[in-house]
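J.:
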Amino acid sequence: MSYRSYPKLELHLHLEGGAPPAFIRGLAKEKGIDIHKIFDEQGGYAYRDFDHFLRVYEAACTTLQGPEDFRRLVLAVLEESAANGVIYLETFLSPDFCGGGDLEAWRDYLGAMTDAAAQAERDFGITLKGIITCIRHNGPEQAKTVARCAVETKGDFITGFGMAGAELMGRPGDFAYSFDMAREAGLRITCHAGEWGGPDMVADTIRDLRPERIGHGINAAKDLALVDQIAEQGIVLEVCPGSNVFLNAVESWEKHPIRLLRDRGVKVTVSTDDPPFFHTTMTREYDMMAENYGWDEADFAELNKTALEAAFCDAATRERIAKKLEAAQ
Ligand code: ADE
Ligand code: ZN
Numbered sequence: 037m038s039y040r041s042y043p044k045l046e047l048h049l050h051l052e053g054g055a056p057p058a059f060i061r062g063l064a065k066e067k068g069i070d071i072h073k074i075f076d077e078q079g080g081y082a083y084r085d086f087d088h089f090l091r092v093y094e095a096a097c098t099t100l101q102g103p104e105d106f107r108r109l110v111l112a113v114l115e116e117s118a119a120n121g122v123i124y125l126e127t128f129l130s131p132d133f134c135g136g137g138d139l140e141a142w143r144d145y146l147g148a149m150t151d152a153a154a155q156a157e158r159d160f161g162i163t164l165k166g167i168i169t170c171i172r173h174n175g176p177e178q179a180k181t182v183a184r185c186a187v188e189t190k191g192d193f194i195t196g197f198g199m200a201g202a203e204l205m206g207r208p209g210d211f212a213y214s215f216d217m218a219r220e221a222g223l224r225i226t227c228h229a230g231e232w233g234g235p236d237m238v239a240d241t242i243r244d245l246r247p248e249r250i251g252h253g254i255n256a257a258k259d260l261a262l263v264d265q266i267a268e269q270g271i272v273l274e275v276c277p278g279s280n281v282f283l284n285a286v287e288s289w290e291k292h293p294i295r296l297l298r299d300r301g302v303k304v305t306v307s308t309d310d311p312p313f314f315h316t317t318m319t320r321e322y323d324m325m326a327e328n329y330g331w332d333e334a335d336f337a338e339l340n341k342t343a344l345e346a347a348f349c350d351a352a353t354r355e356r357i358a359k360k361l362e363a364a365q
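Here the sequence shown stands for residues 37 to 365, where the numbers follow our numbering.
Structure, rendered in C-alpha cells:
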C-alpha cells in the first residue's frame with residue numbers, strides 16, 4: 037500500500053531544493069550555463085556530503101536568474117507536492133538567491149512567486165505560505181539584510197523567518213539581531229538546528245533565537261533533559277527523516293530518533309527538505325515510516341494535526357485546511 041493519496045501537510049521544504057534536476061538542466065540549456073558536473077549519469081544531482089551538497093545546490097541556483105524562473109519553479113514544485121497528496125505547504129524562500137538581498141528586486145521575485153502560488157491553488161488545490169530564510173554561511177550581516185526583506189514583505193503569504201545553511205558556522209547568538217527584528221515585526225520563527233550540530237547547538241538556538249519550531253532538531257535526542265525541555269516548551273520539530281538518512285546525518289531509518297522524540301512527548305512533523313536531492317517525496321516519507329515503524333493512518337493523522345497547529349498561517353487558512361483534512365483523511 038502507498039500513502040500517495042493520503043492528505044498531508046508539509047512545513048519544511050526549501051523551494052530551490054525542490055527543483056527537479058530536469059528543470060534546472062532546462063534552464064541551464066536556455067541560458068548557456070555549463071553545470072553538467074552537478075549531475076550524475078542518471079541525471080540526478082551528484083554530491084559527496086553535506087558541504088558538497090550545499091555547493092551543488094548553489095550551483096543549481098545560478099540557473100535561476102529572474103522572477104519568471106521562480107514563477108516556473110513554484111509551479112513545478114507545487115504540482116509535484118500536490119501529486120503526493122500535500123494540501124498545505126510551507127516553503128523556505130531565500131532573498132540571497134533572488135536579487136542578493138536587494139529589497140526592490142526581492143519584491144519583484146516575490147510578486148512572481150505569489151502569483152504562481154495563487155495559480156497552483158486554483159489548478160492543483162494546494163495552499164502555500166513562505167518563510168523567508170537567511171543562509172547561515174553568508175554571515176550575520178547578510179542575515180540582517182534578509183531579515184529586512186522579511187519585515188518589509190510580511191503579510192498573507194510571507195508569514196515566517198528562519199535560517200538554513202551550514203549549521204556549524206558561527207553560533208546562533210550571532211544571528212539574534214535578525215531574529216529579534218523578524219519576531220518583533222510579527223513573523224513566526226523557525227531555525228535549522230541539530231541536523232549537524234549537537235544538543236548544545238539546539239539549546240543555544242532555543243535560548244538565543246527563541247524559535248517556535250526547529251528544522252530537524254534530531255541531535256537533541258542525544259540529551260534527554262533537552263528532549264524533555266523541548267517537549268515541555270511545546271517546540272515543534274520539522275523532522276526530515278529521508279533527508280537525514282540520505283545525507284548520513286543518521287545511519288538508517290531504523291536508527292532515526294523520530295520515534296524516541298515522539299514517544300517522549302515532543303511534537304514532531306515530517307517533511308522532505310529538498311526532495312529531488314534526496315530521492316524522496318512526501319509519499320515515500322510516509323511509506324517508509326509505515327514500513328520501518330509500523331505507523332498507520334492514526335499516526336499520520338496525529339502528524340497532520342501537529343503540523344496544522346504549528347503551521348505559520350492565519351486562523352481562516354487553518355480552518356479551511358482543517359475542513360479539507362477532515363473530508364479527505
Ligand atoms: N539548505 C537546503 N537544505 C538544507 C539542509 N538540509 N540543511 C541546511 N540548509 C539547507
Ligand atoms: Zn532544511
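Every residue gets a Cβ at the ideal spot worked out from N, C-alpha and C, and that includes glycine.
Could you spell out the range, first to last residue, of the beta strand (DSSP E) harbouring LEU164?
T.: Run containing LEU164: 163-171, per the beta strand (DSSP E) assignment.
J.: Between the beta-carbon of ILE69 and the beta-carbon of LEU129, is there less than 8 angstroms?
T.: Against a cut-off of 8 angstroms, the Cβ pair of LEU129 and ILE69 comes out as no contact.
J.: Is the closest heavy atom of ligand 2 to the C-beta of GLY36 under 7 angstroms?
T.: The structure shown does not extend to residue 36, since the chain spans only 37 to 365, so no value can be given for it.
J.: Can you tell me which of LEU63, ALA343, TYR83 and TYR42 puts its alpha carbon nearest to the alpha carbon of PHE282?
T.: Selected option, being the one with the closest Cα: TYR83.
J.: Who are THR189's beta bridge partners in DSSP?
T.: Partner(s): none; THR189 has no beta bridge.
J.: Touching or not, the stretch 293-303 and the stretch 38-46, by the rule of three or more beta carbon pairs under 8 angstroms?
T.: Too few Cβ pairs lie closer than 8 angstroms, so no.
J.: Expressed to the nearest angstrom, what Euclidean distance is found between the alpha-carbon atoms of TYR39 and GLU177?
T.: Spanning the two alpha carbons is a distance of roughly 43 angstroms.
J.: Taking 7 angstroms as the cut-off, is the CB of HIS50 close to at least one heavy atom of ligand 2?
T.: Under cutoff, so the answer is yes.
J.: Could you tell me how far apart the beta carbons of CYS227 and MET205 are, in whole angstroms, since I believe they sit closer than 8 angstroms?
T.: Actually they do not touch by this definition, with Cβ atoms about 14 angstroms apart.
J.: With respect to 7 angstroms, is the separation between the Cβ of ASP87 and the closest non-hydrogen atom of ligand 1 below this value?
T.: Not under cutoff, so the answer is no.
J.: Answer with buried or exposed for ALA256, where buried requires no fewer than 16 other C-beta atoms within 10 angstroms of its C-beta.
T.: Burial call: buried.
J.: Around the Cβ of ALA261, are there at least 16 other Cβ atoms within 10 angstroms (buried) or fewer (exposed)?
T.: Per the 10 Å Cβ criterion, exposed.
J.: Taking the alpha-carbon of ALA364 as reference, which of GLY270, ARG249, PRO235 and GLY121 has the nearest alpha-carbon?
T.: Answer by Cα proximity: GLY121.
J.: From the DSSP output, in three-state form, read off CYS97 for me.
T.: If DSSP states are grouped into helix, strand and coil, CYS97 belongs with the helices.
J.: With DSSP collapsed to three states, give me the class of ILE271.
T.: Coil, per DSSP.
J.: Taking only runs that begin and end inside the stretch 226-255, name each unbroken alpha helix (DSSP H) of 4 or more residues, in chain order.
T.: Runs found: 235-245.
J.: Of the residues ALA337, GLY166, ASN284 and LEU361, which one's Cα is nearest the Cα of VAL187?
T.: Answer by Cα proximity: GLY166.
J.: Just to confirm before moving on: does the CB-CB distance between ASP216 and ASN174 stay below 8 angstroms?
T.: In this structure, ASN174 does not lie closer than 8 angstroms to ASP216 by Cβ.
J.: Count the CB pairs spanning the stretch 142-153 and the stretch 321-335 that are closer than 8 angstroms, and state whether there are at least three.
T.: Output reads no: the stretch 321-335 does not touch the stretch 142-153.
J.: For the alpha helix (DSSP H) containing THR353, list its first residue and its last residue.
T.: Unbroken alpha helix (DSSP H) run through THR353: 351-364.
J.: Considering only their Cβ atoms, is the gap separating LEU361 from LEU344 smaller than 8 angstroms?
T.: Closer than 8 angstroms, so yes.
J.: Is ASP310 near ligand 1, with its Cβ less than 7 angstroms from a heavy atom?
T.: Because some heavy atom of ligand 1 lies under 7 angstroms away, the Cβ of ASP310 counts as near it: yes.
J.: Tell me, please, which residues DSSP counts as bridged to LEU129.
T.: LEU129 pairs with ILE168.
J.: Identify the residues that DSSP records as bridge partners of LYS303: which are they?
T.: In DSSP, LYS303 forms a bridge with VAL272.
J.: With DSSP collapsed to three states, give me the class of ARG298.
T.: Of the three classes helix, strand and coil, the one that applies to ARG298 here is helix, per DSSP.
J.: Considering ALA200, what are the terminal residues of the beta strand (DSSP E) in which it resides?
T.: From DSSP, the beta strand (DSSP E) with ALA200 extends over 194-200.
J.: I'd like the span of the beta strand (DSSP E) that includes LEU47, first residue to last.
T.: First-last of the beta strand (DSSP E) with LEU47: 44-50.
J.: Helix, strand or coil for ARG207 per DSSP?
T.: Coil.
J.: Near THR98, which residues of its chain fall below 8 angstroms by C-beta distance, leaving aside the five closest residues on each side in sequence?
T.: Result list for THR98: ILE69 and ILE71, in chain order.
J.: List the whole-angstrom C-beta distance separating ALA55 from LEU109, where the pair is believed to meet the contact cut-off of C-beta under 8 angstroms.
T.: Indeed, because the Cβ distance is near 6 angstroms, the residues count as touching under 8 angstroms.
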